[in-house]
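S.K.: Sequence order for the protein chains is A and B. Residues 814 to 878 in my numbering are what the first sequence lists, from first letter to last. Residues 18 to 393 in my numbering are what the second sequence lists, from first letter to last.
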Amino acid sequence: MKKEFDYIKTKQEIEDIINWFASEDRDLNEAFVKFEQAQQKLDQLQDYLKDSQAKLKLIAKKIKS
Amino acid sequence: MEHELILTPTDFVAIANQVFEHSMPFVYIEGELANFKISKNKWLYFDLKDDYSKINCFGSVYALPGVLQDGMMLKVSGQPRLHPQFGFSLNVQAIQPSGEGTIKKAYDLLKAKLQKEGLFEISRKRSLPYPPRRIVLVASGESAGYSDFIKIVAERWPNLVIELCDVQVQGVDAPNQIISAIDEANKASSLADVLVLIRGGGSMDDLIAFNDERLVRAISASRITTLVAIGHERDELLAELAADKRASTPSNAAELLVPNRHSELLVATNQKTQLSQAMKNCINIENQHLSRYRSELSDRLQQTFLDTKNQAINFQRIISAYNPAAVLKRGFAIVRQQDKIINSALLLDRSQAVEVQIDKGKFEASINKITLDKEP
Numbered sequence: 814m815k816k817e818f819d820y821i822k823t824k825q826e827i828e829d830i831i832n833w834f835a836s837e838d839r840d841l842n843e844a845f846v847k848f849e850q851a852q853q854k855l856d857q858l859q860d861y862l863k864d865s866q867a868k869l870k871l872i873a874k875k876i877k878s
Numbered sequence: 018m019e020h021e022l023i024l025t026p027t028d029f030v031a032i033a034n035q036v037f038e039h040s041m042p043f044v045y046i047e048g049e050l051a052n053f054k055i056s057k058n059k060w061l062y063f064d065l066k067d068d069y070s071k072i073n074c075f076g077s078v079y080a081l082p083g084v085l086q087d088g089m090m091l092k093v094s095g096q097p098r099l100h101p102q103f104g105f106s107l108n109v110q111a112i113q114p115s116g117e118g119t120i121k122k123a124y125d126l127l128k129a130k131l132q133k134e135g136l137f138e139i140s141r142k143r144s145l146p147y148p149p150r151r152i153v154l155v156a157s158g159e160s161a162g163y164s165d166f167i168k169i170v171a172e173r174w175p176n177l178v179i180e181l182c183d184v185q186v187q188g189v190d191a192p193n194q195i196i197s198a199i200d201e202a203n204k205a206s207s208l209a210d211v212l213v214l215i216r217g218g219g220s221m222d223d224l225i226a227f228n229d230e231r232l233v234r235a236i237s238a239s240r241i242t243t244l245v246a247i248g249h250e251r252d253e254l255l256a257e258l259a260a261d262k263r264a265s266t267p268s269n270a271a272e273l274l275v276p277n278r279h280s281e282l283l284v285a286t287n288q289k290t291q292l293s294q295a296m297k298n299c300i301n302i303e304n305q306h307l308s309r310y311r312s313e314l315s316d317r318l319q320q321t322f323l324d325t326k327n328q329a330i331n332f333q334r335i336i337s338a339y340n341p342a343a344v345l346k347r348g349f350a351i352v353r354q355q356d357k358i359i360n361s362a363l364l365l366d367r368s369q370a371v372e373v374q375i376d377k378g379k380f381e382a383s384i385n386k387i388t389l390d391k392e393p
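1) Whose Cβ in chain B lies nearer than 8 Å to the Cβ of A:Ser836?
2) Residues of chain A with CB closer than 9 Å to the CB of B:Glu313, please, in chain order.
3) Would you identify the three-state DSSP class for B:Asp28, choosing helix, strand or coil?
4) With three or more C-beta pairs closer than 8 Å as the rule, is the region 228 to 244 of chain B touching the region 284 to 291 of chain B?
5) Take B:Leu389 and list the residues in its own chain whose beta-carbon comes closer than 8 Å to its own, dropping the five residues that flank it on each side.
6) Assign B:Asn228 to one of two classes, buried (16 or more other C-beta atoms within 10 Å of its C-beta) or exposed (fewer than that).
7) Does DSSP classify B:His39 as helix, strand or coil?
8) If we cut at 8 Å on Cβ distances, does B:Glu303 have a partner in chain A?
9) Is the beta carbon of B:Gly88 closer than 8 Å to that of B:Val109?
10) Helix, strand or coil for B:Ser160 per DSSP?
11) Considering only C-alpha positions, which residue in the set B:Pro26, B:Gln35, B:Arg143 is nearest to B:Gln102?
12) Give me the chain B residues within the contact set of A:Leu841, using Cβ-Cβ distance strictly less than 8 Å, ordered along the chain.
13) Please state if the CB of B:Tyr310 and the CB of A:Ile827 are separated by a distance shorter than 8 Å.
14) Report the residue ranges of all beta strand (DSSP E) runs contained in full by the region 208 to 235 of chain B; include only those spanning at least 3 residues, in chain order.
15) Could you tell me the distance, in whole angstroms, from the CA atom of B:Leu224 to the CA atom of B:Asp200?
16) Distance, Cα to Cα, A:Val846 vs B:Lys377?
17) By DSSP, does B:Pro114 sit in helix, in strand, or in coil?
18) So, is B:Met41 buried or exposed, given that buried needs 16 or more other C-beta atoms within 10 angstroms?
19) With H, G and I counted as helix, E and B as strand and the rest as coil, what does DSSP make of B:Met90?
20) Would you kindly work out how many angstroms separate the C-alpha atoms of B:Phe75 and B:Ile196, rounded to a whole number?
21) By the criterion of Cβ-Cβ separation under 8 Å, what are the contact partners of B:Ile330 in chain A?
22) Candidates B:Ile384, B:Gln319, B:Pro276: which alpha carbon is nearest B:Arg150's?
23) Taking C-beta to C-beta, are A:Phe834 and B:Arg317 nearer than 8 Å?
24) So, for B:Gln369: in the same chain, excluding its five sequence neighbours on each side, which residues have a beta-carbon less than 7 Å away from its beta-carbon?
25) Quick check on the burial criterion: 16 or more other C-beta atoms within 10 angstroms. Buried or exposed for B:Leu255?
26) Measure from the alpha carbon of B:Glu303 to the alpha carbon of each residue in A:Asp838, A:Leu858, A:Ala873, then state which is nearest.
27) Quick check on B:Ser268: buried or exposed, where buried means 16 or more other Cβ atoms within 10 Å of its Cβ?
28) Of the residues B:Ile72, B:Leu99, B:Met90, which one's Cα is nearest the Cα of B:Asn34?
29) Relative to the alpha-carbon of B:Asp67, which residue among B:Glu49, B:Pro82, B:Ser56 has its alpha-carbon at the smallest distance?
30) Distance, Cα to Cα, B:Glu117 vs B:Gln187?
31) What residues of chain A sit near B:Leu307, judged by a beta carbon separation below 7 Å?
32) So for B:Val44, helix, strand or coil by DSSP?
33) Going by C-alpha to C-alpha distance, which of B:Thr243, B:Ala161, B:Asn176, B:Trp174 sits closest to B:Gly219?
34) Can you say whether B:Asn193 is buried or exposed, counting buried as having 16 or more other CB atoms within 10 angstroms of its CB?
35) Exposed or buried, B:Glu257, counting other C-beta atoms within 10 Å across all chains shown (16 or more means buried)?
36) Is B:Val93 closer than 8 Å to B:Leu127 when the C-beta atoms are compared?
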């Protein structure tokens, strides 16, 4: 069974990464890895929002018809 | 005398009662109340009289329509009977006040009594389930009020299940029939959501059943929430005062009972549009969050790179400071004797040559004299 995408959790993970960047013990190698991870998560969130927008359009269309 | 029929008193009473049962099993008599008394809280004794005659009446307190006082005009129904010991009496089945003055007086007395008991208290009122799924409708199935009610409910909320208890809503028998209907509805294994009692307009004389004490108490005691609508404009009827909710007419009862599906549909559509707009705003805000995250992440990575680069420059500066070549450039020299660095005059051997390394080369030298620093 496909695991349901958790928007809030993913958003929290991105905030954790942003906070990590403000920490003392960061290094450049890890920074690139984390940056990459955050970008991927951001893409997932954006896709999710795009899907939501499409669903919303469908609903609006149904209401109008 | 031999053809005369001689009866015993008992035979006469039996025959007289047979005659009553056959010729007038049930009578309605209207007259003025006199000698009214209640015995053992159970039995009623009173006379009904007019200018020329007086009839003894006997009955149970359950037939009482409310508070009665001598001088009131009453309409009484019952069976005429000749009692073997006490003579003629009317076995009372139902009593109704009659005549405007009496009705008003009976109404005021009963209203005061029930008010004192708290039957009309606002705090006792329950709110009607909205919209109800199933109702018991106590009404006359042939009345205009019933037709109006059904028509409006069907237009507004066709899914409502209506169980009709067809009763008389006028006349001496009306209170008993309505009370039975209320009792039955309250005894059902699955209770209806609302009990609705309706009747169209009429004079106070027509509506007197709705001021009957037993009926008012039945409405007040109903486990099912009650809605009473009696179409009239004047005094409030006691049945209405005891109900959880009152409507002015049967049509008004239908309007209060169920929503209008057309307006509900409109509200639902508006809510959907509002919800859709709210979702759109929500998505826009989230998109703004994501843009901020991207920009912040990019800034932070840039900062991390700059911090790392600055750190490397600092390291380089420190390391450069420690480079011996840089020291030689500033005019210092490294002295070696037999490949060992001599960092103290105490280590010098006068017999051996020393190798002196300076910037851009080195040379050999011999030691002529060693002068040691004085101890401080």
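By construction, the Cβ of each residue, glycine as well, lies at the ideal position given by its N, Cα and C atoms. Everything numeric in this text was worked out from a predicted model, so none of it was measured.
M.R.: Considering the structure as presented:
1) Within 8 Å Cβ-Cβ: nothing; A:Ser836 doesn't reach chain B, min ~10 Å.
2) In chain order, Ile831, Phe834 make up the part of chain A whose C-beta sits under 9 Å from the C-beta of B:Glu313.
3) Three-state DSSP puts B:Asp28 in a helix.
4) As far as the Cβ criterion goes, the region 284 to 291 of chain B does not touch the region 228 to 244 of chain B, which means the pair count is below three.
5) Cβ neighbours of B:Leu389 beyond the five flanking positions: Ala362, Leu363.
6) Of the other Cβ atoms in all chains shown, 16 or more fall within 10 Å of the Cβ of B:Asn228; this residue is therefore buried.
7) When DSSP states are grouped into helix, strand and coil, B:His39 belongs to the helix group.
8) Contact of B:Glu303 with chain A is assigned, a C-beta pair being separated by under 8 Å.
9) Going by C-beta atoms, B:Val109 is not nearer than 8 Å to B:Gly88.
10) Of the three classes helix, strand and coil, the one that applies to B:Ser160 here is coil, per DSSP.
11) Residue nearest to B:Gln102 within the set B:Pro26, B:Gln35, B:Arg143 is B:Pro26 (criterion: CA-CA distance).
12) Here the neighbours are Thr321, Phe322, Thr325.
13) Yes, they are a contact pair.
14) Complete beta strand (DSSP E) runs here, min 3: 211 to 216.
15) If you take the alpha carbons of B:Leu224 and B:Asp200, they lie about 21 Å apart.
16) Answer to the nearest angstrom: the Cα atoms are 47 Å apart.
17) Of the three classes helix, strand and coil, the one that applies to B:Pro114 here is strand, per DSSP.
18) Exposed: under 16 other Cβ atoms inside 10 Å.
19) Three-state DSSP puts B:Met90 in a strand.
20) The C-alpha of B:Phe75 lies about 22 Å from the C-alpha of B:Ile196.
21) For B:Ile330, there are no neighbours in chain A by C-beta distance under 8 Å, as the nearest C-beta there is about 14 Å away.
22) By alpha-carbon distance to B:Arg150, the top candidate from B:Ile384, B:Gln319, B:Pro276 is B:Pro276.
23) Contact: yes.
24) The residues are Gln354, Gln355.
25) Label assigned to B:Leu255: buried.
26) Selected option, being the one with the closest Cα: A:Leu858.
27) Per the 10 Å Cβ criterion, buried.
28) Residue B:Leu99 is the option with its Cα nearest to B:Asn34.
29) Cα-wise, what sits closest to B:Asp67 is B:Glu49.
30) Going by the C-alpha atoms only, they are around 16 Å apart.
31) Under the 7 Å cutoff, chain A gives Leu855, Leu858, Gln859.
32) It is a strand residue.
33) Of the listed residues, the one whose Cα sits closest to B:Gly219 is B:Ala161.
34) Under this definition B:Asn193 is a buried residue.
35) Counting Cβ neighbours within 10 Å, B:Glu257 comes out buried, since at least 16 surround it.
36) Judged by their CB atoms, B:Leu127 and B:Val93 are not nearer to each other than the 8 Å cut-off.
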